[in-house]
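To start, the structure itself, in structure tokens.
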Amino acid sequence: MVGSCLSCVECDSNLENYCAKRILTYNNTYYDGTNTYGVYSPMKFFGLDKPGLHLGVVGLGGHGHICVKFAKAFGAKVTVISSSPDKKKDAIDRFGADAFIYSEDANLMQAAMNTMDGIIDVASKAHSLQPYIGMLKTHGKLIALGSPSSPNSLPVVNILVGADIELIPMDYVNTTIERMEKVDIRYWFVIDVGKTLSLMNSPIGDVYIVPPNKKGTPTTQKDSCCCQNL
Ligand SMILES: [Zn+2]
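Residues 0 to 229 in numbering that gives the first Met the number 0 are what the sequence shown lists, from first letter to last.
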């Protein structure tokens with residue numbers, strides 16, 4: 000938020016964020032009647048203000064075009080991703096984007112995988128974040144500034160893959176709860192349901208090796224679930 004009335008009960012109690020007249024960082028009207036866009040601050044905060052970066056901007060309407068202008072001013076290579084192919088001309092000719100991807104074109108989307116240092120998502124229609132996570136390089140930043148009426152979706156596997164996990168058999172769950180109470184946890188616990196079930200059917204069902212702090216791999220995620228998100 001960038002403003003409040005400074006005279007109501009909430010403001011007097013240092014709770015300006017509860018002020019009925021608070022002005023949000025973006026999609027609000029500022030004192031002078033202009034729209035608040037608020038894209039500069041998050042781009043700056045997350046380090047997406049350096050020359051030479053490759054930045055994606057999802058959605059051109061609303062404040063998307065402001066993102067493009069800032070990103071170009073910072074010296075970034077800018078790719079606009081949009082579900083409206085007719086926005087390509089504006090994106091490139093009018094706002095100076097270097098490239099345009101029509102988000103329904105699977106080949107173009109695939110070609111952009113793992114190429115971007117950051118993505119600013121201002122799309123106003125609810126969508127899956129999965130392809131955009133895939134477009135980021137390792138440690139890339141996804142800044143979500145859109146305000147769709149229903150939530151964007153993010154498959155949990157996107158968070159799990161690449162994270163450090165501790166793979167556990169099902170009968171270790173009670174121990175994990177004890178360990179959580181003692182804060183004896185460093186990673187996510189992931190229950191290996193498939194392996195647990197197969198061992199239950201085997202004659203040596205009580206023999207089970209718990210690999211401590213094992214690096215997760217996509218193949219372990221299929222039949223597992225996450226019971227503790229740190
Ligand atoms: Zn107030």
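We put the CB at the ideal spot given by N, CA and C, even for glycine.
Expected contact under 8 Å - CB spacing of residue i and residue j to nearest Å
i      : j     : result
Gly95  : Val67 : 7 Å
His53  : Lys76 : 5 Å
Lys140 : Leu47 : 6 Å
Any non-hydrogen atom of ligand 1 within 7 Å of residue i CB
i      : result
Ser23  : One detail in the question is off: residue 23 reads as Leu in this sequence, not Ser. No.
Ser12  : no
Lys43  : no
Ser149 : no
Ser123 : no
Cys66  : no
Lys87  : no
Lys20  : yes
Ser6   : yes
His3   : In the sequence as presented, His is not what sits at residue 3; that position holds Ser. Within the cutoff, so yes.
Glu246 : Limits of the chain in this structure are 0 at one end and 229 at the other, which puts residue 246 out of reach.
C-beta atoms of residue i and residue j nearer than 8 Å
i      : j      : result
Ile247 : Phe45  : Examination of residue 247 is not possible in this model, given that the chain is present from 0 through 229 alone.
Met42  : Ile119 : yes
Met108 : Ile100 : yes
Pro150 : Ala125 : yes
Ala98  : Thr114 : no
Gly55  : Ile80  : yes
Gly74  : Gly51  : yes
Lys136 : Asp116 : yes
Cys250 : Ser3   : Nothing can be reported for residue 250, as the shown portion of the chain is limited to 0 through 229.
Residue i - DSSP class collapsed to helix/strand/coil
i      : result
Leu47  : coil
His64  : helix
Pro202 : At Pro202 the pLDDT is 45, less than 50, meaning the model places this residue with poor confidence; the figure from the coordinates comes in the next sentence. Looking at Pro202 - three-state DSSP - the assignment turns out to be coil, as it is neither helix nor strand.
Met179 : helix
Thr174 : helix
Asn13  : coil
Lys124 : coil
Val8   : helix
Ile208 : Confidence in Ile208 is poor, its pLDDT being 36 and thus under 50, which makes the residue's placement unreliable; the coordinate value appears in the next sentence. Residue state, collapsed to three classes: coil.
Ser148 : coil
Asn113 : coil
Ser3   : coil
Gly133 : helix
Phe73  : helix
Inter-residue Cα distance where the pair is residue i and residue j
i      : j      : result
Ser152 : Ser123 : 13 Å
His62  : Thr24  : 12 Å
Thr216 : Glu103 : With a pLDDT of 40 at Thr216, under the threshold of 50, the predicted position of this residue should be treated as unreliable, though the coordinate-derived value follows. Computed Cα separation, rounded: 29 Å.
Gly204 : Asp170 : Here Gly204 scores only 34 on pLDDT, less than 50, and its place in the model is too uncertain to base an answer on.
Thr33  : Gly145 : 19 Å
Pro154 : Asp11  : 42 Å
Asp282 : Tyr29  : Residue numbering for the chain in the displayed model covers 0 to 229; residue 282 lies beyond these limits and cannot be assessed.
Asn106 : Asn16  : 44 Å
Tyr36  : Arg93  : 19 Å
Asn13  : Pro147 : 30 Å
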